[in-house]
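Numbering (this note's numbering), first residue to last: 1 to 465. Ideal placement from N, C-alpha and C gives every residue a C-beta, glycine not left out. Single-structure report; data block below.
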Ligand code: SAM
Ligand code: SF4
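Written as structure tokens, this is what we have:
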């Protein structure tokens, strides 16, 4: 029994045992597991090694097809869009893979004032964004956590015509329970934090100095967040630091632990791969670089193992990779991102970024591309605002009831985007997609969606159910 303040007890030995004696590739076992995955109740951790070892192209294709099928059943063809908002690149840590690390004297440092944050939010709203993840290095000079709390308030308070940001997720350094309660009271959406690597020895090597050098402080972070009443947490590993198989099994242990302890696993899982960062040789040649094929495998296996957990893909990845893996189970993507504080303000240049991006397209281009691929770009923030978070969200999601909300909300928020922000080309592609989507929707969702979209066309905004 885990005590109230104890960190999550990762069992590294068990993972190493599995990795040292990987199962032989066994098509019968793989197909049994794929059939089990189609029941959409998830997979056990002991099921994963058989899928991780797949090499045969035919079996790999069956894995991908199953992931695609599960994604379609649960999420349909919707993809939720968001953007990161970097408020500060000052940092006291020394993560070897990151341009923000303290010893990188070449990096121009900047912590945005509240006015500058508001300016960034105006730029993001002008593009059409409705949901952000606020990101910062681990140092808030002078004000400490108060700075972050003020920044969240600033974001929510900005009005740009009829637009405002409706959900602020947060990716900042681990906190004490009392401080997490302050973050919860600031009405954040998801609290997101990546363990980077669950492998203790690699973690020690990659984080030689600073508060972040304490592996256990970071590992226990989601326990503290959930103890503080934050319902939606997002976990992940930074792929490339250690063997992806280890990270995947450890991520699953983490998810199971949260589910056992709090009755609800992580709301989202991210799978960032290391990208080149200024002045970081580690980032240029990651010790365990993950190939595109293995990256696809990671996403497909996660989709089958935790079917109701959102999977997030960022603009670290190139458009070709994003197009390919989107089908395998991704539910949220970032678009039009900048990783330098102040980067959205026109003419501010791109110096001071955290790493180089793989996808430089604008939000409008990404929306058009999604529509042309048959995905409904969604700006929905409804669940969080209707109180469908944590256990309550899972209770609705697991029997499949959430779809009745998601489809109409996706279409009404897309219509808002088309009315207020889309280029003529994007509007044309998205309108064709919307027409097809209405036809595909059964009743009562179609009637609800048509009603909501009609209200948006008449000038109403923020129409959701
Ligand atoms: N500073 C806080 C922290 O480290 O948790 C929060 C934000 S940090 C700016 C966000 C994430 O960026 C890190 O958790 C890490 O996984 C990721 N990151 C750092 N360097 C990266 C790189 N070179 N390529 C891709 N992702 C990177
Ligand atoms: Fe700082 Fe986070 Fe970058 Fe580490 S990953 S150097 S903590 S900003």
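inquiry  = Assuming residue 90 is part of the beta strand (DSSP E), what are its boundary residues?
reply    = Counting along the chain, residue 90 falls outside any beta strand (DSSP E), and DSSP gives it neither H nor E.
ask   = Fully enclosed by the region 84-169, which beta strand (DSSP E) runs are 3 residues long or longer?
value = Scanning the region 84-169 from its first residue to its last, the whole beta strand (DSSP E) runs of 3-plus residues come out as 131-136.
message = Shorter than 7 Å, the distance from the beta carbon of residue 466 to the closest heavy atom of the ligand SF4, or not?
response = Since the first residue of the chain shown is 1 and the last is 465, residue 466 is not available in this structure.
query = Nearest to residue 375 by alpha carbon, out of 387, 390 and 332?
reply = 332
key: Three-pair Cβ contact test at 8 Å for the region 383-390 versus the region 435-443   = no
task = Would you kindly check if the distance between the Cβ of residue 92 and the Cβ of residue 480 is under 8 Å?
result = In the structure as shown, the chain starts at 1 and stops at 465, and residue 480 therefore has no counterpart that could be examined.
message = Less than 8 Å between C-beta atoms, sequence neighbours within five positions excluded: which residues of the same chain meet that for residue 3?
response = Its pLDDT being 46, under 50, residue 3 is placed unreliably in this model, and the value from its coordinates should be taken loosely. Taken in chain order, the list of residues that qualify is empty.
task = Tell me where the alpha helix (DSSP H) around residue 296 begins and ends.
result = DSSP places residue 296 inside the alpha helix (DSSP H), whose first and last residues are 292-305.
ask   = Going by other Cβ atoms of all chains shown within 10 Å of its Cβ, with 16 needed for buried, is residue 334 buried or exposed?
value = buried
ask   = Within this structure, are the beta carbons of residue 224 and residue 176 separated by less than 8 Å?
value = yes
message = Rounded to the nearest angstrom, what separates residue 49 and residue 299 at their Cα positions?
response = Taking the straight line from one Cα to the other gives about 14 Å.
task = Go ahead and pull the three-state DSSP assignment for residue 50.
result = helix
task = Please classify residue 291: is it buried, with 16 or more other beta-carbons within 10 angstroms of its beta-carbon, or exposed?
result = Result: exposed.
Other residues of its chain near residue 1: CB distance less than 6 Å, five sequence neighbours each side excluded = Low local confidence applies: a pLDDT of 38 at residue 1 is under 50, so the model's placement there is unreliable, and no value is given.
message = Give me the residue from 261, 236 and 260 with the minimum Cα distance to residue 249.
response = Answer by Cα proximity: 236.
query = For residue 55, which three-state DSSP category applies?
reply = DSSP, read as helix, strand or coil, puts residue 55 in coil.
ask   = Any heavy atom of the ligand SF4 within a distance shorter than 7 Å of the CB on residue 105?
value = no
query = With a cut-off of 8 Å, do at least 3 Cβ pairs link the region 72-83 to the region 118-133?
reply = yes
task = Evaluate residue 33 with the Cβ neighbour count: other Cβ atoms within 10 Å of its Cβ, from every protein chain shown; 16 or more gives buried, anything less gives exposed.
result = buried
message = Using the three-state DSSP reduction, which class does residue 194 fall into: helix, strand or coil?
response = Per DSSP, reduced to three states, the secondary structure at residue 194 is coil, with no helix or strand assignment.
request  = Report yes if the C-beta of residue 284 is less than 7 Å from at least one heavy atom of the ligand SF4; otherwise report no.
outcome  = no
request  = Determine contact between the region 46-60 and the region 20-30, defined as no fewer than three beta-carbon pairs at a distance below 8 Å.
outcome  = yes
task = Note down the Cα distance separating residue 243 from residue 293, rounded to an integer number of angstroms.
result = 14 Å
inquiry  = If you measure between the beta carbons of residue 435 and residue 404, is that distance less than 8 Å?
reply    = no
task = Tell me whether residue 444 sits in a helix, a strand or coil according to DSSP, three-state version.
result = DSSP places residue 444 outside both helix and strand once states are collapsed to three, so it counts as coil.
query = Is the CB-CB distance between residue 108 and residue 351 below 8 Å?
reply = Residue 351 is positioned such that its CB atom lies closer than 8 Å to that of residue 108.
inquiry  = Going by beta-carbon coordinates alone, are residue 421 and residue 127 separated by less than 8 Å?
reply    = Their beta carbons are under 8 Å apart, which means residue 421 touches residue 127 by this criterion.
request  = With a cut-off of 8 Å on the beta carbons, I'd call residue 221 and residue 174 a contact; round off their distance for me.
outcome  = Between the beta-carbon of residue 221 and that of residue 174 there is about 4 Å, and that keeps the pair under the 8 Å contact cut.
task = Specify the secondary structure class of residue 470 as computed by DSSP and reduced to three states.
result = With the chain covering only 1 through 465, there is no way to say anything about residue 470.
request  = Please confirm if the region 414-428 is in contact with the region 364-380, defined as three or more CB-CB distances below 8 Å between the two stretches.
outcome  = Taking a cut-off of 8 Å on C-beta distances, the region 414-428 touches the region 364-380, as three or more cross pairs fall below it.
query = Can you check whether the CB of residue 198 is closer than 8 Å to the CB of residue 246?
reply = yes
key: Residues bridged to residue 81 [DSSP beta-bridge criterion]   = In the DSSP output, where bridge partners are listed per residue, residue 81 has 333.
request  = Tell me whether residue 58 is buried or exposed, calling it buried when 16 or more other Cβ atoms sit within 10 Å of its Cβ.
outcome  = With fewer than 16 other CB atoms across the displayed protein chains lying within 10 angstroms of its CB, residue 58 is exposed.
message = To test your reading of the DSSP string, which unbroken beta strand (DSSP E) runs of 3 or more residues are found completely within the region 355-427?
response = 376-378
message = Does the beta-carbon of residue 272, which I'm using as the reference point, lie nearer than 7 Å to any heavy atom of the ligand SAM?
response = Residue 272 Cβ: within cutoff of the ligand SAM.
ask   = Any chance the CB of residue 343 is under 7 Å from a heavy atom of the ligand SF4?
value = Because no heavy atom of the ligand SF4 lies under 7 Å away, the Cβ of residue 343 does not count as near it: no.
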